[in-house]
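Here the protein sequences line up with chains G and U, keeping their order. Per our numbering, the first sequence starts with residue -15, numbered consecutively. Per our numbering, the second sequence starts with residue 5, numbered consecutively. Every residue, glycine too, gets a C-beta built ideally from N, C-alpha and C. Following: one structure in structure tokens, then a few remarks.
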Amino acid sequence: MSEKFEVTNDYKFGFKTPEHYHFKGGVGLTKEVVEEISRMKEEPQWMLEFRLRALEVFQSKPMPQWGLDLSQIEFDKIHYYVRATDRTNDSWDDVPQDIRDTFDKLGIPEAERKFLAGMGAQFESEVVYHNLKEKWTELGVVFLDTDTALKKYPEMFRKYFATIVPPEDNKFAALNSAVWSGGTFIYVPPGVKVDIPLQAYFRINAESMGQFERTLIVADEGADIHYVEGCTAPIYAKHSLHAAVVEIVALKGARIQYTTVQNWSSNVYNLVTKRAVAHEDATMIWVDGNLGSYKTMKYPSVYMVGKGARADILSLALASTNQEQDAGGKVIHAAPNTTSTITSKSVSLNGGRASYRGLVKIHKNATGSKTNVQCDALILDDHSISDTYPYIEVENSDSYVEHEASVSKVSEEQLFYLASRGIPEEEARSMIVSGFVDAIVRELPMEYAVEMNRLIELQMEGSVG
Amino acid sequence: MSNLLEISNLHAGVEGKEILKGLNLSIPEGEVHVIMGPNGSGKSTLANVIMGHPAYEVASGHIEFGGEDLLDLATDERARVGVFLSFQSPTALPGISLLQLLRKATTMVLGDEAPDTAMEMMTEVNEARELTGLPEHLLTRSANDGFSGGEKKKGEIIQMAMLKPKLVILDEIDSGLDIDAVKAVSRGINALREQGRSFLIITHYQRILNYVKPDRVHVVSDGQIIRSGDHTLAHELEEVGYEQVEVAR
Ligand SMILES: Nc1ncnc2c1ncn2[C@@H]1O[C@H](COP(=O)(O)OP(=O)(O)OP(=O)(O)O)[C@@H](O)[C@H]1O
Ligand SMILES: [Mg+2]
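Pasting the structure below:
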């Protein structure tokens, strides 16, 4: 991380920095902040201009008038740039007790805990990562943090960057575009199939856990890749806003799976724009698990622009006390014979609110297309809420649209049955929840699936009464 | 022999309506008791109350199990002290397979005695499964979800066999089972009985009693046991019907 940015002595913003922070960030967002970020990163002029344009868009766009209430976000109190090298200086004592307890219960190793808490960026798995990296490099796979990619592969970077999610897309995409830092850049050459999920990287790269990270993945023709981000352990964030942008390009015949397990601490607004473009015969799969955060709004989308393209979106949301998860997906059929599925499972408990919000759009020219939307909600108690907002727009008459929705409650009969088999209520509930989300958890890499189930158990602990 | 289950003057109901009206019943260790009686007379209610179903309120009376006050225990605790109920209509458990259920239930109920390894577990489950003739693929599907009537009952028997309870309550286990399955279940009952376990078999039919010879047969009517006798009472009932028995009271 220190290899990326020199710590310069003249690094200072002209505004107040709270004394207890070790890093030299600052609060509030101005043109000067954006210029400073770009300068720090020694970016090309076009990127600076892009950032400044995005800042204008951000400042001129109103807050979204749909979805969750975001009016409490205090943009002026956010640090827009925190350098990875500074994170390590934070104190372990600042990490809230409940998160430390969860680390304990999940059996997360010491080094990793500190990392997950946004400190200590390096530990053993770095070696593993380097070995993997060599293998990928031989195959011509580019796998870098986004800042480095901009320096090393300027042309390829510029060709795709912000073409899928322009700053104008939405207020938070604009914000990200103005202040982005870190994230992952991946390019997979034609025909190359990366047979193991690219994930080790994320766990050791603190920069990619920045709160305005920007990810760009391009799979060239016939390439195949599975990228996993996030982790099941809670990620402690000091600042309350995470606004990332993820852009994906699946060229002809490529296949990309992008798996996210989101478990931000309960103070975070998680507002992420994820979008993929799938060309002819390409397949894009989003697996999106939302466990943490205060409020999440996230609808991974796929634009099927080439004939025969395919999109699968699996969305999982778990909303507990004080949480609102507004999740789902969007599929846009813009070419003939395109196929999509959206599978959503949402669980609300302990007063949480989980909603499915989804859009299926089949354009006039997307003849012979097929879509299947299945959204299931599970409500664990009377004070929790589940909502469904499915939007389906079909402009031609020979496409096939299926939509099913179900809402279920854990019944007294089920709990009694399980109790009669010696299983206490708390464990019975977590069995029911694990069973409910299984179709999605099954799509996760093994170690994530195991942790996920464990985490659900933890979430359910003490939820009876 | 001492009584494993001792129910005295039990009054219980649901939503303020009294269903069991002063019921008395004792089952000694190792005995098989049968309860017969008209629809709606309170047989399943009795089973549910013994197991501790939250919808039923016990107004008065006692249930002792192995000398312990059963009414003091939560349902899962009752299971752990050795009470097992095979339900008249087992509820569907979307997302939970019989195999997962068995894994959890054996750990909870048997503790250290539970099969240690996945291999051991599979061997035992398959033994029980083969006894009932339940197709193997149903072990990994959501339990009771879209199962046929008979398949659900077979699932209950597999759980009974795995959990090794001291007292087994079978609520109409023979309804919906084919002839082979009734015989198989009867073999299972007899095997457990030889190990000194007790049974409360609720049934409408004489059929299962051709294979399992009960120690006692009780007739329940309107929430009370109105008559008890040996296995010949079941024959009598089948011939004359409940009305005659009630009139004869
Ligand atoms: N949960 C309940 N809520 C309301 N009424 C109930 C409930 N459970 C039982 N009852 C009523 O109590 C009475 C006894 O029911 P129960 O199920 O015990 O009968 P049963 O003897 O098992 O009948 P069957 O032979 O038809 O199975 C019936 O009138 C029934 O409708
Ligand atoms: Mg009944």
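(message) I need the straight-line Cα distance from D208/G to M268/G, nearest angstrom please.
(response) Between D208/G and M268/G, the C-alpha separation is close to 10 Å.
(request) Report the partner residues of Q228/U according to the DSSP bridge assignment. (result) Q228/U is bridged to S225/U.
(message) Could you check whether the Cβ of D80/U sits closer than 8 Å to any Cβ belonging to chain G?
(response) With its beta carbon less than 8 Å from one in chain G, D80/U belongs to the interface.
(request) Check whether the Cβ of E397/G sits closer than 7 Å to any heavy atom of ligand 2, and report yes or no. (result) No, since every heavy atom of ligand 2 falls outside the 7 Å radius drawn around the Cβ of E397/G.
(request) Taking the CB atoms as reference points, tell me whether Q228/U and K25/U lie closer together than 8 Å. (result) A contact, by the Cβ cut-off of 8 Å.
(request) With a threshold of 16 other CB atoms inside 10 Å of the CB of M436/G, please say whether the residue is buried or exposed. (result) Around the Cβ of M436/G, a 10 Å sphere holds 16 or more other Cβ atoms; the residue is buried.
(message) Out of V385/G, V149/G, D360/G, which one is the CA nearest neighbour of S370/G?
(response) Of the candidates V385/G, V149/G, D360/G, D360/G places its Cα closest to the Cα of S370/G.
(request) Within the same chain, show all residues whose beta-carbon is closer than 6 Å to that of A275/G, passing over the 5 residues directly before and after it, in chain order. (result) It is worth fixing the name first, because residue 275/G is Leu in this sequence and not Ala. Cβ contact annotation for L275/G (same chain, cutoff 6 Å, sequence separation greater than five): N247, L302, in chain order.
(request) Mind listing which residues have their beta carbon within less than 5 Å of any non-hydrogen atom of ligand 1? Chain order is fine. (result) Result (chain order): V18/U, I23/U, N43/U, G44/U, S45/U, G46/U, K47/U, S48/U, T49/U, A59/U.
(message) Using 8 Å as the threshold, is the C-beta distance between L364/G and R438/G below it?
(response) Taking a C-beta distance under 8 Å as the contact criterion, L364/G and R438/G do not qualify as a contact pair.
(request) Note down, in chain order, all residues in the region 95 to 106 of chain U with a beta-carbon under 9 Å from any beta-carbon belonging to chain G. (result) Listed by position along the chain: T95, A96, L97, P98, G99, I100, S101, Q104, L105, L106.
(request) For R197/U, go through chain G and note every residue whose CB falls closer than 7 Å to its CB, in chain order. (result) None at all; the shortest Cβ gap to chain G is about 21 Å.
(message) Alpha carbons only, please: which of D80/U, H239/U, S202/U is nearest the one belonging to P32/U?
(response) Among D80/U, H239/U, S202/U, the Cα nearest to that of P32/U is on S202/U.
(message) In whole angstroms, give me the CA-to-CA distance for D80/U and Y340/G.
(response) Distance between D80/U and Y340/G, taken at the CA atoms: about 35 Å.
(message) Counting only C-beta atoms, is R259/G closer than 8 Å to chain U at any point?
(response) Closer than 8 Å: no.
(message) Please report the distance separating the alpha-carbon of S324/G from that of H141/U.
(response) Each residue's alpha carbon lies about 30 Å from the other.
(request) Rounded to whole angstroms, what's the CA-CA distance from R197/U to G406/G? Just pull it up for me. (result) Cα to Cα, the separation comes out at about 22 Å.
(request) Would you kindly work out how many angstroms separate the C-alpha atoms of T280/G and L255/G, rounded to a whole number? (result) Annotation: T280/G to L255/G spans about 6 Å, alpha carbon to alpha carbon.
(message) Against chain G, with Cβ distances strictly below 8 Å, would H141/U count as a contact?
(response) Output row for H141/U: interface = no.
(request) For the region 405 to 429 of chain G, enumerate the residues whose C-beta is nearer than 9 Å to any C-beta of chain U, in chain order. (result) Cβ contacts with chain U: R405, G406, I407, P408, E409, E411, A412, M415, I416, V417, S418, G419, F420, V421, D422, A423.
(request) May I ask whether a heavy atom of ligand 2 can be found less than 7 Å away from the beta carbon of E160/U? (result) Checking the Cβ of E160/U against ligand 2 gives no.
(message) Would you say Q398/G lies against chain U (beta-carbon separation less than 8 Å)?
(response) Closer than 8 Å to some Cβ of chain U, the Cβ of Q398/G qualifies, so yes.
(request) Using 7 Å as the cut-off, classify the Cβ of D175/U as near or not near the heavy atoms of ligand 2, replying yes or no. (result) D175/U: yes, Cβ under 7 Å from ligand 2.
(request) Could you name the residues of chain G that P254/U contacts, counting a contact when the two beta carbons are closer than 9 Å? (result) The requested residue 254/U is not part of the displayed model; chain U covers only 5 to 253.
(message) Can you check whether the C-beta of Y401/G is within less than 8 Å of a C-beta belonging to chain U?
(response) Any Cβ of chain U closer than 8 Å to the Cβ of Y401/G would place that residue at the interface, and such an atom is present.
(request) Report back the beta-carbon spacing between S166/G and D129/G to the nearest angstrom; my notes put them in contact at under 8 Å. (result) According to the sequence provided, residue 166/G is Gly. The question's Ser does not apply to it. For G166/G against D129/G, the beta-carbon gap comes to about 6 Å, under 8 Å, which counts as contact.
(message) Between the alpha carbons of Y64/G and F196/G, how many angstroms are there, rounded?
(response) So the alpha carbons of these two residues sit roughly 8 Å apart.
(request) Please report how far the alpha carbon of R211/U lies from the alpha carbon of E128/U, in whole angstroms. (result) Here the alpha carbons of E128/U and R211/U stand approximately 28 Å from one another.
(message) Below 9 Å on C-beta distance, what does M112/U contact in chain G?
(response) Correct list: R405, G406, I407, P408, E411.
(request) For P58/U, decide whether its Cβ has a neighbour in chain G, counting only Cβ atoms nearer than 8 Å. (result) Cβ-Cβ to chain G under 8 Å: yes for P58/U.
(request) On a CA-only basis, which of I440/G, S392/G, T351/G is nearest K291/G? Give me that one, please. (result) Closest option to K291/G, judged by alpha-carbon separation, among I440/G, S392/G, T351/G: T351/G.
(request) Could you tell me which uninterrupted alpha helix (DSSP H) segments, each at least 4 residues in length, are contained entirely in the region 25 to 81 of chain U, listed from first to last along the chain? (result) With a minimum length of 4 residues, the continuous alpha helix (DSSP H) runs that stay inside the region 25 to 81 of chain U are 47 to 55.
(request) Counting only the same chain and skipping the five closest in sequence on each side, list residues whose C-beta sits under 6 Å from that of Y373/G. (result) Excluding positions up to five away in sequence, the list reads R341.
(request) Examine ligand 2 and report whether any of its heavy atoms sits within less than 7 Å of the Cβ of Q246/G. (result) No, since every heavy atom of ligand 2 falls outside the 7 Å radius drawn around the Cβ of Q246/G.
(message) For I416/G and S93/U, what's the separation of their Cα atoms in angstroms?
(response) Looking at the backbone, the Cα of I416/G and that of S93/U are separated by about 19 Å.
(request) Have a look at H37/U and N43/U and give me their C-alpha separation to the nearest angstrom. (result) Distance between the alpha carbons of H37/U and N43/U: 19 Å.
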